[in-house]
């Protein structure tokens, strides 16, 4: 039972105190101040988590792999990786989730609900955490700093994931092929290569995706929407991460350096791809012909040779293509 409802977005809560804490998302109130750096937070638990990032304190240890955490709740969620427990089931499609918040976000893909609207650009979000993260793009709030390279982040979790680039830590292992990953979300996407699972389908062209965010980005190919604009040159992009990478062209920043040859890159994914030149790793194999690839995107494009799928169609001439990059080149000829 959740009798306390937010009049701004309709979200329900089990107690009035939880509702009051939630309301700070809408009001912007941040009453909890860090005594070390002055950063402010909308609840004490967020402040406590922030302070542990600064001190490095991680009192909760996983008995299965020894990984440590700053929060007991984070340890509980992490252990589900080992146990395979997914207690949250979607009533619409039957998909199961290990984390309640992920289940709630997923359900909104069925309802289309997006109650959080950005007052600066009008973009709407299904989840308050995505909304808060997006707002930081406009106000430039990046309180989390990497002590190795000085890069700033809007979220403590983003800093933790980034630091694995420097440490080389890859705590998430695929039980099917043994490949290791630095992020659980990347492991989950990778595992769908083995299962062939694709939940999210584009209504325009029928192409399916492993996650809702990939579907949303893909749909902008059809709509032409590019909501993220560079303040330096005016160029627009389909997602915020591409804008962040583009801005490094103007700043000259190349924070990702290859440990083997010293070459630096603007994106961590480019460094990972480059590093395979040194290792010779080709982790993605075609199930039809056995050909291997260093990148999953190249495998996906290659497999269309076998299936004949050409999901990218030019609206002007009707010609179809295997890759979105081929469609972009076609657009430039028109």
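Numbering (UniProt numbering), first residue to last: 1 to 334. Ideal Cβ positions, reconstructed from N, Cα and C, are used throughout, including at glycine. Quick caveat: nothing in here was measured; it's all calculated off a predicted structure.
Less than 8 Å between the beta carbons of residue i and residue j, yes or no?
{"i": "residue 4", "j": "residue 10", "result": "no"}
{"i": "residue 256", "j": "residue 165", "result": "yes"}
{"i": "residue 184", "j": "residue 81", "result": "yes"}
{"i": "residue 221", "j": "residue 312", "result": "yes"}
{"i": "residue 134", "j": "residue 142", "result": "no"}
{"i": "residue 46", "j": "residue 71", "result": "no"}
{"i": "residue 58", "j": "residue 52", "result": "yes"}
{"i": "residue 337", "j": "residue 258", "result": "With the chain covering 1 to 334 only, the question about residue 337 has no answer from this structure."}
{"i": "residue 246", "j": "residue 263", "result": "no"}
{"i": "residue 169", "j": "residue 182", "result": "yes"}
{"i": "residue 114", "j": "residue 124", "result": "yes"}
{"i": "residue 116", "j": "residue 131", "result": "yes"}
{"i": "residue 44", "j": "residue 34", "result": "no"}
{"i": "residue 60", "j": "residue 75", "result": "yes"}
Within 10 angstroms of the Cβ of residue i, are there 16 or more other Cβ atoms? Answer buried if so, exposed if not.
{"i": "residue 238", "result": "buried"}
{"i": "residue 20", "result": "exposed"}
{"i": "residue 180", "result": "exposed"}
{"i": "residue 287", "result": "exposed"}
{"i": "residue 241", "result": "exposed"}
{"i": "residue 305", "result": "exposed"}
{"i": "residue 15", "result": "exposed"}
{"i": "residue 167", "result": "exposed"}
{"i": "residue 126", "result": "buried"}
{"i": "residue 78", "result": "buried"}
{"i": "residue 110", "result": "exposed"}
{"i": "residue 25", "result": "buried"}
{"i": "residue 106", "result": "buried"}
{"i": "residue 331", "result": "exposed"}
{"i": "residue 162", "result": "buried"}
{"i": "residue 138", "result": "exposed"}
Counting along the chain, where does the alpha helix (DSSP H) carrying residue i start and finish?
{"i": "residue 328", "result": "324 to 333"}
{"i": "residue 76", "result": "72 to 83"}
{"i": "residue 133", "result": "128 to 139"}
{"i": "residue 245", "result": "240 to 251"}
{"i": "residue 156", "result": "156 to 167"}
{"i": "residue 15", "result": "Premise fails: residue 15 is in no alpha helix (DSSP H) and is neither H nor E."}
{"i": "residue 42", "result": "Run containing residue 42: none; DSSP gives neither H nor E here."}
{"i": "residue 216", "result": "212 to 223"}
{"i": "residue 101", "result": "100 to 111"}
{"i": "residue 185", "result": "184 to 195"}
Can you list, in chain order, the residues of its chain with a C-beta nearer than 7 Å to that of residue i? Leave out the 5 residues immediately preceding and following it.
{"i": "residue 215", "result": "200, 202, 209"}
{"i": "residue 265", "result": "254, 256, 271, 274"}
{"i": "residue 292", "result": "282, 284, 285"}
Near residue i, which residues of its chain fall below 8 Å by C-beta distance, leaving aside the five closest residues on each side in sequence?
{"i": "residue 273", "result": "294, 295"}
{"i": "residue 334", "result": "314, 316, 317"}
{"i": "residue 22", "result": "6, 11, 13, 128"}
{"i": "residue 177", "result": "194, 283"}
{"i": "residue 261", "result": "278"}
{"i": "residue 310", "result": "304, 320, 321, 322"}
{"i": "residue 190", "result": "174, 179, 181, 296"}
Given residue i, which residues of its chain have a CB within under 6 Å of its CB, disregarding the five upstream and five downstream residues?
{"i": "residue 86", "result": "96, 97, 98"}
{"i": "residue 172", "result": "181, 184, 187"}
* **Ranges of the alpha helix (DSSP H) found wholly within the UniProt domain "C2H2-type" (256 to 283), counting only runs of at least 4** => 268 to 279
* Along the chain, which unbroken stretches of the alpha helix (DSSP H) at least 4 residues long are found entirely within the UniProt domain "C2H2-type" (284 to 311)? -> 296 to 307
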